[in-house]
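Taking the UniProt record's numbering, the leading residue of the sequence shown gets 1, the next gets one more, and so forth.
Where a beta carbon is used, it is the ideal one built from N, C-alpha and C, also for glycine.
So the structure is just underneath, and the comments pick up after that.
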Amino acid sequence: MAIFSALSRGVISVIDRYQIGIKGNSVVEVNLYNNLFTLLFVIGLTFYFPIWNLITDWKVILYSVLVQAVAIGYSTLFKKMTIFESVISAKLADLLIPIAVYLSTGKLDLKIYFLAVFTTLIVVFWLKKKGDAKKYLDGVIIIVPLLTIQAFASPLLVGNNKNQLSSIIAFTLSTLVIRFIISALMMLFYQKSFQLKNSLNSNNLFIYIIRSILTIIAQFTFVIVTSDKYSALGWIFLNMTSLYGVLASSLFLKEKNTKKEILLICFITAIMLIQNFI
C-alpha cells in the first residue's frame with residue numbers, strides 16, 4: 001500500500017514543482033484549485049459513501065488540518081527547492097517519526113528505528129561531504145516538525161475508521177472536503193493571493209484533473225499506511241517516495257540531478273525494500 005502511495009505522491013510532487021516552482025504560481029492559489037477539482041470527484045463518490053456526519057467530527061477536522069499543513073509545507077519547499085532537495089530535507093524526519101509513532105501507539109520496532117537512523121546518517125554524511133548542508137536547513141525547519149506531528153497524531157485521529165474499507169473511504173473523502181474548505185479560507189484571508197496569475201486555464205485544466213485523481217488515491221493509501229500501529233516503517237517509505245518524483249523531474253522538468261544524487265536515492269530506497277522482505 002505504501003508503494004501505491006509512493007507512486008501517486010511522487011507524481012504529485014512533480015506537478016506541484018511545475019506549477020509553483022517553475023511557473024511561479026501562488027502556493028495558496030494552486031492548493032485551492034487542486035482541492036477544488038478533487039472536491040468535484042468527491043461529491044460524486046458521496047452518493048455511495050455518506051460522509052456528512054464525519055465532516056463535523058473534531059478528529060477528522062484536526063487530521064485534515066495536519067494533512068493540509070504538510071501539503072502547504074511541501075508546496076513552500078517546491079517554490080524554492082528542487083524535488084531532490086525537498087526529499088533530502090524531509091528525510092531527517094525519519095529520526096523522529098518512529099519515536100512519535102511509539103508515543104501514540106506504544107509500538108516501537110527497533111529494527112525499523114535503526115533502519116531510519118542508518119539511512120538518515122547516510123544523507124547527513126552525504127550533505128557534509130558536499131559542504132552545502134545549510135542550503136537544506138530552511139527545508140528541514142519547515143517540513144520536519146509538520147511530518148513528526150502528523151506521524152504522532154495520525155493513528156490517534158483515524159481511530160476505528162480504519163477497521164473497514166468503507167469507513168476508510170468515507171474518512172478519506174471527508175478529509176478532502178475539509179481540505180478544500182481550509183484552502184478556500186486561506187484564499188480569503190491571504191491578501192497577496194488576490195493578485196493572481198490566473199493559473200486556471202485550458203492548458204492547466206488537464207493537469208488539475210490528473211492531480212485531483214492522484215490526490216484521492218494518495219490520500220486513501222496514506223490514511224491506511226499512517227493509521228496502522230506499525231506505521232513507522234510505512235513512514236520511511238513515504239518520506240522517500242519522491243524517488244519517483246526525482247526521476248520524473250529529471251525527465252519532464254529537466255531538473256539536473258547528478259548520478260551520485262540519483263544513486264543516493266536509489267540506494268536508500270533499495271535498503272528499505274530489502275528490509276521489508278527480511
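Give me the Cα-Cα distance between residue i and residue j, rounded to the nearest whole angstrom.
i           : j           : result
residue 176 : residue 32  : 12 Å
residue 12  : residue 49  : 25 Å
residue 19  : residue 73  : 15 Å
residue 108 : residue 158 : 19 Å
residue 258 : residue 10  : 19 Å
residue 160 : residue 134 : 42 Å
residue 78  : residue 17  : 5 Å
residue 112 : residue 98  : 8 Å
residue 137 : residue 182 : 28 Å
residue 216 : residue 205 : 17 Å
residue 171 : residue 60  : 7 Å
residue 105 : residue 274 : 25 Å
residue 270 : residue 227 : 24 Å
residue 71  : residue 100 : 20 Å
residue 267 : residue 56  : 44 Å
residue 84  : residue 174 : 31 Å
residue 202 : residue 96  : 43 Å
residue 47  : residue 54  : 14 Å
residue 261 : residue 253 : 16 Å
residue 153 : residue 76  : 22 Å
residue 21  : residue 51  : 34 Å
residue 69  : residue 148 : 12 Å
residue 125 : residue 263 : 15 Å
With residue i as the anchor, note down where its alpha helix (DSSP H) starts and where it stops.
i           : result
residue 222 : 202 to 227
residue 150 : 137 to 158
residue 253 : No alpha helix (DSSP H) holds residue 253; DSSP gives it neither H nor E.
residue 249 : Looking at the DSSP string, residue 249 is not in any alpha helix (DSSP H), and its letter there is neither H nor E.
Sort the options by Cα distance to residue i and report the nearest one.
i           : options              : result
residue 25  : 200, 139 and 256     : 200
residue 156 : 102, 271, 55 and 245 : 102
residue 293 : 226, 151, 81 and 61  : Examination of residue 293 is not possible in this model, given that the chain is present from 1 through 278 alone.
residue 64  : 150, 46 and 266      : 150
residue 28  : 55, 8 and 180        : 180
residue 178 : 58, 23 and 168       : 58
residue 207 : 220, 7 and 38        : 38
residue 218 : 124, 121 and 168     : 168
residue 66  : 51, 222, 5 and 30    : 222
Mind checking if residue i is an interface residue toward chain C, Cβ cutoff 9 Å exclusive?
i          : result
residue 89 : Within the model displayed, chain C is absent; a lone protein chain is all it includes.
Check whether the segment 82 to 95 touches the segment 144 to 154, counting contact only when three or more Cβ pairs, one atom from each stretch, lie closer than 8 Å.
yes
Taking 8 Å as the threshold, find out whether the segment 178 to 187 comes into contact with the segment 81 to 89 through three or more Cβ pairs.
no
Do the segment 209 to 220 and the segment 27 to 42 touch if we need at least three Cβ pairs shorter than 8 Å?
yes
Taking 8 Å as the threshold, find out whether the segment 161 to 174 comes into contact with the segment 112 to 121 through three or more Cβ pairs.
no
Pick out the complete alpha helix (DSSP H) segments inside the segment 76 to 132, 4 residues or longer, and give them in chain order.
83 to 91, 97 to 105 and 110 to 130
Uninterrupted alpha helix (DSSP H) stretches inside the segment 16 to 78 (no shorter than 4 residues):
You should have 27 to 45 and 52 to 55.
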